[in-house]
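Engineer: Using this note's numbering, the first residue of the sequence shown is number 314, and each one after it goes up by one. Next up is a structure, given as C-alpha cells.
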Amino acid sequence: MSQVFQKGTLFHVKEAELVITSLKLQQQEAANKYAALKKQNLELHQQLDQQQQQHQQQLQHQQLQQQQQQQQQISSSIEDIEMPTVEDSITSNSSTCSLSANANNQQQQLKNNNGGTASSKWAEIAAKPPPPPKNKTQNTKKSKNTNTKKNKIRTTTNTTTSSQQKKVVTTIQINKALSALSAPKTTHQGFTYLYYQSKSRISRKTQRSNLTSLGVNNSRVLDIHYPSRTVVALLVHNDYREEIIMVLKKHGVSNLPDYTPTNHTTISDPQFKNLSTTEKSSLAIEKHNNRLVRALPFIRDHIAKAVARFFEEQSWITKDQLDSFVQYHNNKITTTISNQKSL
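Here it is, written out as C-alpha cells:
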C-alpha cells in the first residue's frame, strides 16, 4: 500500500509540474504578446507625431506662401506708382539752364543798346530771375492722380463685369422659375431610358461632357449607366425624349429602340455561359434591379422620389426598396435643412 501511495503521489507531482510548465509557457506567450502590443502602440504614437509635424510644416508653408503673395501684391502696387525718372529731372534742369542763358543774353543786348546802362524798364524785366522749376512733389501729385484714374477705371470695369455676371445668374434663375411655373409640355408624364451604342465604359463625367459638346442639355439627363459592355443608358423625362433623339440624330447618333436590359442576351460574361436561357433572364433582371437601386441616390433631390416611384410602377424595383429609398431621401433632406439652419 505504501508503494502504491508513493507512486500516486509521484504521479500527482509530475502532473503538477506539467501544469506549472504549461502555465509558465502561457505566461511567457502573454508577456511576448504584451511586448508586441506595446511596440505597436509606440509605433502608432510615432506615426501620429510625424503626421502632426507634417501637418504643422504644411501650415507653415501655406502661411509663408500667403505672406509672399501679399508681399508680391504690395510690390506690384508700389511699382504701379509713377515716380519721376532721372530723364525728367535732367530735362527740368536743362530747361532752367536754357532760361537762365536766354535771360543773360537779353540783359547783355539791352546793355549794348542803351550804352551799357540797365536803367530802362526792359532792363528790369530782363534782370528778373527765371521762374523756378516745378517741384518733384507736383510730379508725384500728377502721378498719383493718374494712378487714381487708372484705379477708378479698373474698379469700373470690375463692377461692369460683376454686374454682367449678376445679369447672367438672374436670367438663369428666371428661366428656372418660368419652367417651374409653366404647364407641362405633354400630358404623358413619366420617364424613359434611351439606349445608345458605346465603345467602352468611360466615366459618367466624360460621357456628360461628350453629350454637352453634341448639344444635349445635360441637366435633363437624370442618370447614366452601362447595362452591358457596348451600350449606355440615358434616363430622361418624357418631355425631353424626342428632343434628345433629334439632337443626337443630327450628329449621326441613333438610339437602340429594340434594346431591353432584362433580356438574356445582355449576359455576355464567360462565367455565365453554362446557364440556361431562363437563368440568364433572371440574372439580367437582378442586375438591372441592382443598377437602378445604386443609381437612385445620385439622382437630383427634387426629382428622385418621382423616379423611384416610376421604377416601382415598372416593376424594376420592389415596394420595400421604394420605401427604404424614400426613408433615406427624407432623412437626407432633414439633415441638410438642419445643417443650413445651424449655419
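Note that the Cβ used here is the ideal one computed from N, Cα and C, for glycine as well.
Confirm, please, whether the CB-CB distance from V549 to S511 is below 8 Å.
Structural biologist: In the sequence shown, counting from the first residue as 1, residue 511 sits at position 198. In the sequence shown, counting from the first residue as 1, residue 549 sits at position 236. Contact flag unset, no.
Engineer: Restricting to Cα atoms, I'd like to know which of F504, N568, Q364 is closest to E625.
Structural biologist: Taking the first residue of the sequence shown as position 1, residue 625 is located at position 312. Nearest C-alpha to E625: F504.
Engineer: Give the range of the alpha helix (DSSP H) segment to which H642 is assigned.
Structural biologist: On the sequence shown, residue 642 is found 329 positions in, with the first residue counted as 1. Boundaries of the alpha helix (DSSP H) harbouring H642: 632-655, taken from the DSSP string.
Engineer: With distances taken between CB atoms, is the gap from A597 to I612 smaller than 8 Å?
Structural biologist: Along the sequence shown, read from residue 1 onward, the residue named residue 597 stands at position 284. Along the sequence shown, read from residue 1 onward, the residue named residue 612 stands at position 299. No, these two residues do not count as a Cβ contact at 8 Å.
Engineer: If distances are taken between C-alpha atoms only, which option among A617, H615, A619, T578 comes closest to K600?
Structural biologist: Reading the sequence shown from its first residue, position 287 is the one you call residue 600. Comparing Cα positions, the closest option is T578.
Engineer: Please classify S628 as buried or exposed, where buried requires at least 16 neighbouring CB atoms within 10 angstroms.
Structural biologist: Counting from one through the sequence shown, the residue named residue 628 turns up at place 315. S628 sits exposed, since fewer than 16 C-beta atoms from the chains shown fall within 10 Å of its C-beta.
Engineer: CA-CA distance, N602 and I630?
Structural biologist: Start at 1 with the first residue of the sequence shown, and residue 602 comes out as number 289. Start at 1 with the first residue of the sequence shown, and residue 630 comes out as number 317. Answer to the nearest angstrom: the Cα atoms are 6 Å apart.
Engineer: What did DSSP end up calling T575 once you bin it into helix, strand or coil?
Structural biologist: Translated into the one-based positions of the sequence shown, residue 575 becomes position 262. Three-state DSSP puts T575 in coil, outside helix and strand.
Engineer: In terms of residue numbering, what span does the beta strand (DSSP E) encompassing V566 cover?
Structural biologist: Walking along the sequence shown from the start, residue 566 turns up at place 253. Note, V566: premise wrong, no beta strand (DSSP E); not H, not E.
Engineer: Quick check: the Cα distance between L372 and L357, rounded to an integer number of angstroms?
Structural biologist: In the sequence shown, residue 372 corresponds to position 59, counting from 1. In the sequence shown, residue 357 corresponds to position 44, counting from 1. Computed Cα separation, rounded: 22 Å.
Engineer: Please classify R554 as buried or exposed, where buried requires at least 16 neighbouring CB atoms within 10 angstroms.
Structural biologist: In the sequence shown, counting from the first residue as 1, residue 554 sits at position 241. R554 is buried by the Cβ-count criterion.
Engineer: For T525, which residues in the same chain have their Cβ closer than 6 Å to its Cβ, ignoring the five residues on either side in sequence?
Structural biologist: As a first step, residue 525 is located in the sequence shown; it is residue number 212 there, counting from the start. Here the set comprises N531.
Engineer: What residues match up with L547 in a beta bridge as DSSP calls it?
Structural biologist: Position 234 of the sequence shown, counted from the first residue, corresponds to residue 547. L547 pairs with L507, I537.
Engineer: With DSSP as the reference, label N530 as helix, strand or coil.
Structural biologist: Translated into the one-based positions of the sequence shown, residue 530 becomes position 217. Residue state, collapsed to three classes: coil.
Engineer: Between which two residues does the alpha helix (DSSP H) harbouring I598 extend?
Structural biologist: Counting from one through the sequence shown, the residue named residue 598 turns up at place 285. Element bounds for I598: 590-608.
Engineer: Could you check which residue in K645, V606, K518 has the C-alpha nearest to that of H615?
Structural biologist: Along the sequence shown, read from residue 1 onward, the residue named residue 615 stands at position 302. Of K645, V606, K518, the residue nearest in Cα terms is K645.
Engineer: Counting C-beta neighbours from all protein chains within 10 Å, is the total for T430 16 or more, i.e. buried, or is it exposed?
Structural biologist: Translated into positions along the sequence shown, residue 430 becomes position 117. Interpretation of T430 is limited by its pLDDT of 45, a score under 50 that renders its predicted location unreliable; the figure taken from the coordinates is listed afterwards. Counting C-beta atoms within 10 angstroms of its own C-beta, T430 has fewer than 16 neighbours from the protein chains shown and is therefore classed as exposed.
Engineer: Tell me which residue opens and which closes the alpha helix (DSSP H) that I616 is part of.
Structural biologist: Mapped onto the sequence shown, residue 616 falls at position 303. 614-626 is the extent of the alpha helix (DSSP H) around I616.
Engineer: In whole angstroms, give me the CA-to-CA distance for D633 and V606.
Structural biologist: Within the sequence shown, residue 633 is the residue found at index 320, counting from 1. Within the sequence shown, residue 606 is the residue found at index 293, counting from 1. C-alpha separation (whole angstroms): 11 Å.
Engineer: Please determine, among D636, K562, V534, the residue with the shortest C-alpha to C-alpha distance to K518.
Structural biologist: Walking along the sequence shown from the start, residue 518 turns up at place 205. Of the listed residues, the one whose Cα sits closest to K518 is V534.
Engineer: To the nearest angstrom, how far is it from the Cα of V529 to the Cα of G565?
Structural biologist: The residue given as residue 529 occupies position 216 in the sequence shown. The residue given as residue 565 occupies position 252 in the sequence shown. The straight-line gap from Cα to Cα measures roughly 14 Å.
Engineer: To the nearest angstrom, report how far apart V560 and L527 are at their CA atoms.
Structural biologist: The count along the sequence shown starts at 1 and reaches residue 560 at position 247. The count along the sequence shown starts at 1 and reaches residue 527 at position 214. Taking the straight line from one Cα to the other gives about 8 Å.
Engineer: If you reduce the DSSP assignment to three classes, tell me which class Q365 lands in.
Structural biologist: Against the sequence shown, residue 365 aligns to sequence position 52. Looking at Q365 - three-state DSSP - the assignment turns out to be helix.
Engineer: Measuring alpha carbon to alpha carbon, tell me which residue in I558, T575, T573 is nearest S567.
Structural biologist: The residue given as residue 567 occupies position 254 in the sequence shown. It is I558.
Engineer: Under a Cβ-count criterion, where at least 16 other Cβ atoms within 10 Å of its own Cβ denotes burial, should A343 be classed as buried or exposed?
Structural biologist: For the purposes of this step, residue 343 is taken as the residue at position 30 of the sequence shown. When all chains shown are included, A343 counts as exposed.
Engineer: Roughly how many whole angstroms lie between the Cα atoms of I403 and Q376?
Structural biologist: Position 90 of the sequence shown, counting from 1, holds the residue named residue 403. Position 63 of the sequence shown, counting from 1, holds the residue named residue 376. Model confidence at I403 stands at a pLDDT of 47, short of 50, so the residue's coordinates are unreliable; what they give is reported in the following sentence. Taking the straight line joining both Cα atoms gives about 45 Å.
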